[in-house]
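*Asks:*
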Amino acid sequence: MRKSMTLIIAISLNVSLNACVGRIVGDVVTAPIKITSKTVDLLTTSQSEADENRGRKMREQEEELKKLSKQQHKLTRKCDKGDQDACKDLRKVERKIDKVKRA
Numbered sequence: 069m070r071k072s073m074t075l076i077i078a079i080s081l082n083v084s085l086n087a088c089v090g091r092i093v094g095d096v097v098t099a100p101i102k103i104t105s106k107t108v109d110l111l112t113t114s115q116s117e118a119d120e121n122r123g124r125k126m127r128e129q130e131e132e133l134k135k136l137s138k139q140q141h142k143l144t145r146k147c148d149k150g151d152q153d154a155c156k157d158l159r160k161v162e163r164k165i166d167k168v169k170r171a
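Count along the sequence shown from 1, add 68, and you get the number used in this note's numbering.
#1: Kindly list the residues whose CB is nearer than 7 Å to the CB of GLU162, restricted to its own chain and excluding five residues on each side of it in sequence; keep chain order.
#2: ASP151 by DSSP, collapsed to three states: which one?
#3: Taking only the alpha-carbon atoms, compute the straight-line gap between LEU143 and LYS164 and give it to the nearest angstrom.
#4: Taking DSSP as the reference, what is the three-state secondary structure of THR113?
#5: Where does LEU111 land, buried or exposed, given buried means 16+ other C-beta within 10 angstroms?
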């Protein structure tokens, strides 16, 4: 009885250890592949990420143009009334608008 119990325990331990060792070996073998794929994923931009970035840039550009357009309108009215400082500022704002449109 005692020998059979020892034999059962030994077989169970052997099976458990083989499974554990097999899992560890599998992890060690696949680790470089996982690391490489993760690195490639971090270094590359997917199409959807590129689209999101492009959309974000366009929205920011539109917001900037809207702000500058309001300034331009306000300065134009002041310049038309003879305010020379407003005329100088208007030219600066118009250059900024051109710069944002080209970006």
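The C-beta atom is built at its ideal place from N, Cα and C for all residues, glycine as well.
*Replies:* Let's see:
#1: Beyond the five residues adjoining it in sequence on each side, GLU162 comes within less than 7 Å, by CB distance, of GLN140 in the same chain, given in chain order.
#2: Here ASP151 sits in coil by DSSP.
#3: Taking the Cα positions, LEU143 is about 14 Å away from LYS164.
#4: Reduced to three states, the DSSP call for THR113 is coil.
#5: Label assigned to LEU111: exposed.
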